[in-house]
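Visitor: So the protein sequences, as listed, match chains W and U. The UniProt record's numbering applies: residue 1 is where the first sequence begins, and numbers increase by one. The UniProt record's numbering applies: residue 1 is where the second sequence begins, and numbers increase by one. Just so it is clear, CB atoms sit at the ideal spot from N, CA and C, and this is done for glycine as well.
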Amino acid sequence: MKKTILLLAMLLGMVGLLIACGGEEAGEGKSETTENEGGTGDTGEVGEKLDPVTLTWYLIGTPQQDLELVMEEVNKYTEEKINATIDLRLLDWGEFDERMQVITTSGENYDIAFTSSWANNYALNARRGAFAELNELMDQYGKEMKELIDPAFLEGAQIDGKLYAVPTNKEVGQQAVLSFNHELVEKHDLDISTVNSLTDLEPLLAVIKEKETDVTPIATFDAYLPFDSILQEEMPFAFRLDGNTDEVVNKYEEEVTMETLKVMHDYYKKGYIRPDAATSTDSWPLETPNWFVRKELYQPYAESVWSRSAGYEIVTRPLHEPYVFNNSVTGSMQAISTTSQNPERAMMFLNLLNTDPYLRNLIDKGIEGVHYEENADGSITDLPVRVERYNMPSFAIGNQLILKLYEDDPADKWEAFEEFNEKSIPSPALGFYFDSNPVRTEIAAISNVTSEFSPALLKGAVDPEEFIPEFNKKLYEAGMQDVLDEIQRQYDEWKENQ
Amino acid sequence: MDTLPKSAASTKRKRFLPLRKKKKFNPYGFSGKTSVVMHILLGSFAFLCVFPFIYVIIISLSSEQSLSLHGYRIIPEEWSLEAYMYLWQVRSQIFRAYGVTLFVTIVGTILSVSVIALYAYAISRKQFLYRKQFTFIAFFTMLFSGGMVPFYIVMTQFLGLKNSIWALILPMTVNAFYIIIMRTFFQRSVPEAVLESARIDGAGEFRIFLKIVLPLSIPGIATIALFNTLAYWNDWFNALLFIDNPSLVPLQSLLMRIENNLDFIRQNAMLSSQNGSILASIPQDSARMAMVVIATLPIALSYPFFQKYFVRGLTIGSVKE
Chain W
1 MKKTILLLAM
11 LLGMVGLLIA
21 CGGEEAGEGK
31 SETTENEGGT
41 GDTGEVGEKL
51 DPVTLTWYLI
61 GTPQQDLELV
71 MEEVNKYTEE
81 KINATIDLRL
91 LDWGEFDERM
101 QVITTSGENY
111 DIAFTSSWAN
121 NYALNARRGA
131 FAELNELMDQ
141 YGKEMKELID
151 PAFLEGAQID
161 GKLYAVPTNK
171 EVGQQAVLSF
181 NHELVEKHDL
191 DISTVNSLTD
201 LEPLLAVIKE
211 KETDVTPIAT
221 FDAYLPFDSI
231 LQEEMPFAFR
241 LDGNTDEVVN
251 KYEEEVTMET
261 LKVMHDYYKK
271 GYIRPDAATS
281 TDSWPLETPN
291 WFVRKELYQP
301 YAESVWSRSA
311 GYEIVTRPLH
321 EPYVFNNSVT
331 GSMQAISTTS
341 QNPERAMMFL
351 NLLNTDPYLR
361 NLIDKGIEGV
371 HYEENADGSI
381 TDLPVRVERY
391 NMPSFAIGNQ
401 LILKLYEDDP
411 ADKWEAFEEF
421 NEKSIPSPAL
431 GFYFDSNPVR
441 TEIAAISNVT
451 SEFSPALLKG
461 AVDPEEFIPE
471 FNKKLYEAGM
481 QDVLDEIQRQ
491 YDEWKENQ
Chain U
1 MDTLPKSAAS
11 TKRKRFLPLR
21 KKKKFNPYGF
31 SGKTSVVMHI
41 LLGSFAFLCV
51 FPFIYVIIIS
61 LSSEQSLSLH
71 GYRIIPEEWS
81 LEAYMYLWQV
91 RSQIFRAYGV
101 TLFVTIVGTI
111 LSVSVIALYA
121 YAISRKQFLY
131 RKQFTFIAFF
141 TMLFSGGMVP
151 FYIVMTQFLG
161 LKNSIWALIL
171 PMTVNAFYII
181 IMRTFFQRSV
191 PEAVLESARI
201 DGAGEFRIFL
211 KIVLPLSIPG
221 IATIALFNTL
231 AYWNDWFNAL
241 LFIDNPSLVP
251 LQSLLMRIEN
261 NLDFIRQNAM
271 LSSQNGSILA
281 SIPQDSARMA
291 MVVIATLPIA
301 LSYPFFQKYF
311 VRGLTIGSVK
321 E
């Protein structure tokens with residue numbers, strides 16, 4: 001009985017939340033623009049004599065025991081530079097999204113928050129009016145940072161010409177790679193240099209399947225499909241990466257999808273993929289060498305990072321050229337809240353964070369001598385206490401390219417990042433952020449259908465020739481055509497304004 | 001006593017065979033066959049209930065290596081205490097979380113039971129003028145709630161309870177459903193005449209409540225106390241909403257965070273290039289199960305103490321009027 005009531009209460013809570021979300025869009029958007037204008041008016045005077053302020057900063061990551069210790073040092077520095085103290089609050093990975101949703105809908109005051117395509121959704125919150133528009137602020141207080149951050153980020157992250165968050169400078173492209181357990185490659189004298197696609201894996205998998213009974217050849221992954229997906233990766237709406245790239249398509253109707261999934265299913269039937277792949281949630285930890293090949297997203301020198309955490313060597317082969325997607329440019333950003341009392345100071349802080357190596361390294365690695373030691377050549381070595389008490393999510397904080405390198409990092413790591421960014425190809429729909437509001441109900445229905453079919457299909461567990469037609473039939477029953485039309489309409493409109 | 005009818009029965013065995021069977025009949029038990037069937041049925045059901053927990057204990061005692069190579073097994077390839085050793089290494093965090101949970105559970109249960117009992121007693125008395133209105137106020141919240149966001153706003157902005165231990169206690173102090181149960185319980189188990197006689201002896205309202213009503217209502221009080229203890233012990237949602245400070249996180253919330261983190265990281269392919277460093281800070285399978293064991297045992301052990309009141313309290317109080 002109690003549970004039922006609790007459930008009911010939660011349900012009501014959800015409904016309440018939804019109503020609040022829907023209702024506030026219009027109202028909040030208005031109030032915040034006026035507040036903003038007031039803010040920018042003030043800035044001229046503030047530049048002269050800075051009043052002391054405290055900036056609240058919500059960041060994703062497991063709360064760390066030594067956070068207070070480090071923040072004391074940080075505050076000493078920021079007080080001197082911009083007369084601001086930082087109140088950094090870490091919210092755990094799994095709860096960040098939910099917490100930020102409550103915080104933004106309740107209109108709570110905060111200054112800076114982590115946002116991205118995968119947590120505290122950037123486009124959604126920007127549209128909803130939760131984030132302040134940053135173009136002018138950045139021109140005024142963030143010039144240095146603007147020069148350092150790869151322009152691909154700054155352009156790709158703009159929604160209708162407006163930037164709502166400061167992107168983290170890191171790898172701009174997204175590249176799926178196959179990574180191999182090098183020990184097994186060597187042991188059976190396999191040649192991976194010819195592997196460029198899923199199909200090329202066949203002979204290697206056959207060898208592993210035959211000779212290594214304890215190893216599952218494929219660590220369960222979703223087959224790579226060459227599309228730029230709108231909304232989540234597994235959802236059907238997407239733009240092609242070549243051919244007619246201006247037309248939005250249902251990727252499950254495309255020839256290439258059928259071909260790829262057929263290969264996947266063939267591997268499944270041959271026992272290269274474990275039988276419960278579609279439903280299992282096992283994470284295939286790197287430390288356990290019970291796999292031969294897996295799919296990962298790449299960044300320069302990722303294999304050395306992976307090898308380090310695995311304890312044995314891992315080698316990779318790219319599946320495609322790196323592409324710049326919306327998801328990859330908005331992979332990690334810091335937004336300034338519309339409820340912030342001090343948006344200028346928040347921007348000054350972000351500018352400092354992204355340009356000042358001392359501050360950036362301090363927040364990331366902790367205090368020199370306590371959390372790490374600096375070597376003669378300028379590289380650093382972790383002290384054990386850092387991993388235990390101050391393990392921060394480096395990529396989520398800010399500009400990665402001004403971080404100190406570890407002793408076993410290649411010296412040209414950041415140069416390689418720059419090179420990688422240069423050769424990344426912008427996807428056709430880069431910068432197009434679909435506003436899903438007009439077709440919300442259809443998308444909810446499609447999302448349900450997708451989560452029913454896509455895991456089994458993408459992991460190879462079911463026969464695509466039988467299930468893809470059924471999947472598509474259900475998608476169209478759920479309103480697929482309306483959504484495709486709406487996306488196309490918005491895309492054409494956006495394209496015209498480019 | 002037994003011998004006489006038995007010998008009598010044996011002499012007239014043939015004639016009174018049905019009678020003999022009748023004599024063995026025990027109105028509180030089952031006959032042989034039914035008893036065996038029922039024992040097997042209930043025994044296996046009980047086993048099904050206990051088994052998952054036993055399984056958790058087994059997993060917590062398996063070595064991590066054998067878990068990731070062979071999956072969960074009833075008899076693991078290799079037994080190991082490394083999970084508990086890991087917990088011992090992070091004991092400062094676990095002890096603190098334990099402390100928070102204990103404090104919240106004890107203070108919360110006492111506070112909650114007193115408030116509920118007082119409220120319920122007042123609206124159970126016919127002499128109380130506004131009993132209908134107050135009953136309605138309590139009852140209304142069972143049907144409608146403000147929703148999560150207003151709740152959050154009230155807690156953080158009006159009451160300033162963010163990052164406070166009271167944020168874990170106050171939201172669950174008053175429970176309308178228990179108030180209704182207790183009200184009915186008072187009406188049923190404390191006859192008006194008893195109260196009247198106390199009044200004639202010169203007892204005031206508080207004395208009547210403490211000396212007469214409470215002792216008579218122990219089964220009901222114990223039942224809601226048990227419910228409250230469980231609710232406080234198992235609560236993680238309030239901590240999720242209101243607690244950022246790592247030193248105020250209760251045990252269940254700590255567990256919940258770890259589980260949530262794992263799910264989240266698994267589902268986000270975007271994070272795969274960072275996986276190593278993030279996952280390094282999250283305990284592994286066996287350690288998580290060991291935490292479950294540590295978090296569940298005390299509350300499971302406290303159950304027998306409440307049990308003798310539990311059945312009585314439930315049946316008497318659960319009739320709503």
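Specify, as a first and last residue, the run of the alpha helix (DSSP H) that L143(U) falls within.
Guide: R131 to L143
Visitor: Between which residues of its own chain and Q490(W) is the CB-CB distance below 8 Å, once the five residues before and five after are set aside?
Guide: F432, F434 and D435, listed in sequence order.
Visitor: Using a C-beta to C-beta distance shorter than 9 Å, which residues of chain W count as neighbours of F139(U)?
Guide: Neighbours of F139(U) on chain W: none; closest Cβ ~12 Å, over 9 Å.
Visitor: Output the boundary residues of the beta strand (DSSP E) element that contains N342(W).
Guide: Element bounds for N342(W): n/a, residue is neither H nor E.
Visitor: Would you identify the three-state DSSP class for L301(U), choosing helix, strand or coil?
Guide: helix
Visitor: For the beta strand (DSSP E) containing P167(W), name the first residue and the last one.
Guide: A165 to P167
Visitor: Does the beta carbon of M148(U) come closer than 8 Å to any beta carbon on chain W?
Guide: yes
Visitor: Taking its Cβ as the centre, do 16 or more other Cβ atoms sit within 10 Å of K6(U), making it buried, or is it exposed?
Guide: Residue placement at K6(U) cannot be trusted, given a pLDDT of 46 that sits under 50; what the coordinates show is reported in the next sentence. By the 16-neighbour rule on beta-carbons within 10 angstroms, K6(U) is exposed.
Visitor: Could you pull out every residue in the same chain whose Cβ sits closer than 7 Å to the Cβ of N75(W), ignoring the five residues on either side in sequence?
Guide: So the list reads T85 and I86, once near-sequence residues are dropped.
Visitor: Three-state secondary structure (DSSP) at S80(U)?
Guide: In the structure shown, S80(U) sits in coil (DSSP, three-state: anything other than H, G, I, E or B).
Visitor: Which ranges does the alpha helix (DSSP H) cover as unbroken runs of at least 4 residues, wholly within the region 104 to 189 of chain U, from first to last along the chain?
Guide: If only uninterrupted alpha helix (DSSP H) runs of at least 4 residues are considered, those enclosed by the region 104 to 189 of chain U are 131 to 143, 148 to 153, 166 to 169 and 176 to 189.
Visitor: Measure from the C-beta of P275(W) to each C-beta in chain U and report whether the shortest distance is under 8 Å.
Guide: no
Visitor: Spatial neighbours of I397(W) within its chain, please: C-beta separation below 8 Å, excluding the five flanking residues on both sides.
Guide: L59, T168, L353, R360, I363 and D364
Visitor: Roughly how many angstroms lie between the CA atoms of R274(W) and L457(W), to the nearest whole one?
Guide: 14 Å
Visitor: Which chain U residues are close to R89(W), counting only those with a beta carbon under 8 Å from its beta carbon?
Guide: D244
Visitor: Quick one: any contact between the region 154 to 165 of chain U and the region 212 to 225 of chain U, if contact means 3 or more CB pairs under 8 Å?
Guide: no
Visitor: Flag this pair as yes or no: are the beta carbons of I468(W) and Y252(W) separated by less than 8 Å?
Guide: At the C-beta level, I468(W) and Y252(W) come within 8 Å of one another.
Visitor: May I ask you to list the residues that DSSP assigns as paired with I218(U)?
Guide: Beta-bridge pairing links I218(U) to no other residue.
Visitor: Assuming contact is defined by CB atoms lying nearer than 8 Å, are M291(U) and L255(U) in contact in what I supplied?
Guide: In this structure, M291(U) lies near L255(U), with their beta-carbon atoms less than 8 Å apart.
Visitor: Assuming S427(W) and L225(W) make a contact with CB atoms under 8 Å, what is their CB distance in whole Å?
Guide: Going by Cβ atoms, the distance from S427(W) to L225(W) rounds to 13 Å, so no, they are not a contact pair.
Visitor: Answer with buried or exposed for G47(W), where buried requires no fewer than 16 other C-beta atoms within 10 angstroms of its C-beta.
Guide: Note that G47(W) has pLDDT 46, beneath the 50 cutoff, so the model's placement of it is unreliable and the number below is only indicative. Result: exposed.
Visitor: Just the chain C side, please: which residues come within less than 8 Å of V263(W) by C-beta, in chain order?
Guide: Looking for chain C here will not work: the only protein chains present are W and U.
Visitor: When the Cβ atoms of the region 171 to 188 of chain W are set against those of the region 315 to 330 of chain W, are three or more pairs found closer than 8 Å?
Guide: A contact exists between the region 171 to 188 of chain W and the region 315 to 330 of chain W.
Visitor: For V462(W), which residues in the same chain have their Cβ closer than 6 Å to its Cβ, ignoring the five residues on either side in sequence?
Guide: So the list reads A456, once near-sequence residues are dropped.
Visitor: Is it true that the CB of P236(W) sits closer than 8 Å to the CB of L430(W)?
Guide: no
Visitor: Let me know if I208(W) comes out buried or exposed under the rule of 16 or more other beta-carbons within 10 Å of its beta-carbon.
Guide: buried
Visitor: Taking 6 Å as the limit between beta carbons, can you name the residues of its chain near Q101(W), skipping five residues before and five after?
Guide: none
Visitor: Quick one: residues in its chain with C-beta nearer than 7 Å to the C-beta of Q284(U), no 5 flanking neighbours on either side, listed in chain order?
Guide: Here the set comprises E64.
Visitor: Closer than 8 Å, CB to CB, is E418(W) near chain U or not?
Guide: Interface flag for E418(W) against chain U is unset, since no Cβ pair is found closer than 8 Å.
Visitor: Any residues in the region 69 to 83 of chain W with a beta carbon nearer than 8 Å to a beta carbon of chain U? Which ones, in chain order?
Guide: none
Visitor: What are the complete beta strand (DSSP E) segments, minimum 3 residues, inside the region 80 to 160 of chain W?
Guide: 84 to 91 and 112 to 115
Visitor: Under 8 Å between the Cβ atoms of V149(U) and T105(W)?
Guide: yes
Visitor: Whose Cβ in chain W lies nearer than 7 Å to the Cβ of R257(U)?
Guide: Chain W residues near R257(U): D92, G94 and E95.
Visitor: Just the chain U side, please: which residues come within less than 8 Å of V102(W) by C-beta, in chain order?
Guide: M148, V149, Y152 and L241
Visitor: Alpha carbon to alpha carbon, how far is M480(W) from Q488(W)? Give it in angstroms, no decimals.
Guide: 12 Å
Visitor: Is I180(U) closer than 8 Å to F139(U) when the C-beta atoms are compared?
Guide: yes
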